[in-house]
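Have a look at the structure below before the remarks.
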Amino acid sequence: MSAFEIELKKKIRNKTKKLEQISELELKVKKGEIAPNQEQLIKIASKTAIELEIVDVNQYLAMFKDCEKE
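Each residue of the sequence shown is one higher than the one before, starting from 49 at the first, in my numbering.
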(Lines of atoms letter the chains of each structure in order from A and count residues from 1; the text may use other names and numbers.)
(Lines give C-alpha, C1' and ligand atoms only; values in the text may rest on other atoms or scores of the structure.)
Protein backbone atom coordinates (compact mmCIF):
# COMPACT_ATOMS: atom_id res chain seq x y z
CA MET A 1 0.00 0.00 0.00
CA SER A 2 1.44 3.34 -1.04
CA ALA A 3 1.78 6.41 1.15
CA PHE A 4 -0.79 8.21 -1.01
CA GLU A 5 -3.34 5.43 -0.50
CA ILE A 6 -2.69 5.44 3.24
CA GLU A 7 -3.29 9.21 3.37
CA LEU A 8 -6.55 8.91 1.45
CA LYS A 9 -7.79 6.17 3.78
CA LYS A 10 -6.77 8.28 6.77
CA LYS A 11 -8.78 11.23 5.41
CA ILE A 12 -11.82 9.00 4.92
CA ARG A 13 -11.51 7.65 8.46
CA ASN A 14 -11.17 11.15 9.95
CA LYS A 15 -14.12 12.52 7.97
CA THR A 16 -16.21 9.51 9.00
CA LYS A 17 -15.38 10.18 12.66
CA LYS A 18 -16.50 13.80 12.20
CA LEU A 19 -19.78 12.61 10.71
CA GLU A 20 -20.32 10.32 13.70
CA GLN A 21 -19.72 13.25 16.07
CA ILE A 22 -22.15 15.41 14.12
CA SER A 23 -24.79 12.67 14.20
CA GLU A 24 -24.40 12.33 17.96
CA LEU A 25 -24.68 16.10 18.34
CA GLU A 26 -27.80 16.22 16.14
CA LEU A 27 -29.39 13.47 18.22
CA LYS A 28 -28.69 15.31 21.48
CA VAL A 29 -30.17 18.51 20.06
CA LYS A 30 -33.21 16.67 18.71
CA LYS A 31 -33.83 14.99 22.08
CA GLY A 32 -33.50 18.33 23.81
CA GLU A 33 -30.53 17.20 25.87
CA ILE A 34 -28.55 20.27 24.87
CA ALA A 35 -29.18 23.69 23.40
CA PRO A 36 -26.56 24.06 20.67
CA ASN A 37 -24.21 27.02 20.69
CA GLN A 38 -23.03 28.81 17.54
CA GLU A 39 -20.02 26.54 17.08
CA GLN A 40 -22.18 23.42 17.33
CA LEU A 41 -24.68 24.82 14.82
CA ILE A 42 -21.84 25.45 12.38
CA LYS A 43 -20.60 21.90 12.90
CA ILE A 44 -24.07 20.50 12.20
CA ALA A 45 -24.38 22.69 9.10
CA SER A 46 -21.10 21.26 7.76
CA LYS A 47 -22.50 17.71 7.60
CA THR A 48 -23.35 17.78 3.88
CA ALA A 49 -19.96 19.21 2.96
CA ILE A 50 -18.18 16.48 4.91
CA GLU A 51 -20.31 13.80 3.26
CA LEU A 52 -19.34 15.21 -0.15
CA GLU A 53 -15.67 15.26 0.83
CA ILE A 54 -15.87 11.57 1.74
CA VAL A 55 -17.40 10.81 -1.67
CA ASP A 56 -14.64 12.80 -3.40
CA VAL A 57 -11.83 11.10 -1.51
CA ASN A 58 -13.37 7.68 -2.20
CA GLN A 59 -13.42 8.55 -5.90
CA TYR A 60 -9.75 9.60 -5.78
CA LEU A 61 -8.93 6.34 -4.05
CA ALA A 62 -10.80 4.33 -6.69
CA MET A 63 -9.06 6.19 -9.52
CA PHE A 64 -5.69 5.65 -7.87
CA LYS A 65 -6.32 1.92 -7.49
CA ASP A 66 -7.39 1.71 -11.15
CA CYS A 67 -4.23 3.49 -12.28
CA GLU A 68 -2.11 1.31 -10.07
CA LYS A 69 -3.46 -1.84 -11.76
CA GLU A 70 -2.37 -0.64 -15.19
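Built from N, CA and C at the ideal position, the CB exists for glycine as well.
Discussion item. Quick check: L109 and L56, are their CB atoms within less than 8 Å of each other?
Written reply: yes
Worksheet item: Mapping DSSP to helix, strand and coil, what is M111?
Response: helix
Worksheet entry | Distance, F112 Cα to E53 Cα | Rounded to the nearest angstrom, the two C-alpha atoms are 8 Å apart.
Worksheet item: Thinking C-beta only, is I92 closer than 8 Å to L67?
Response: no
Item to complete: Sort E118, T96 and C115 by Cα distance to T64 and report the nearest one.
Response: T96
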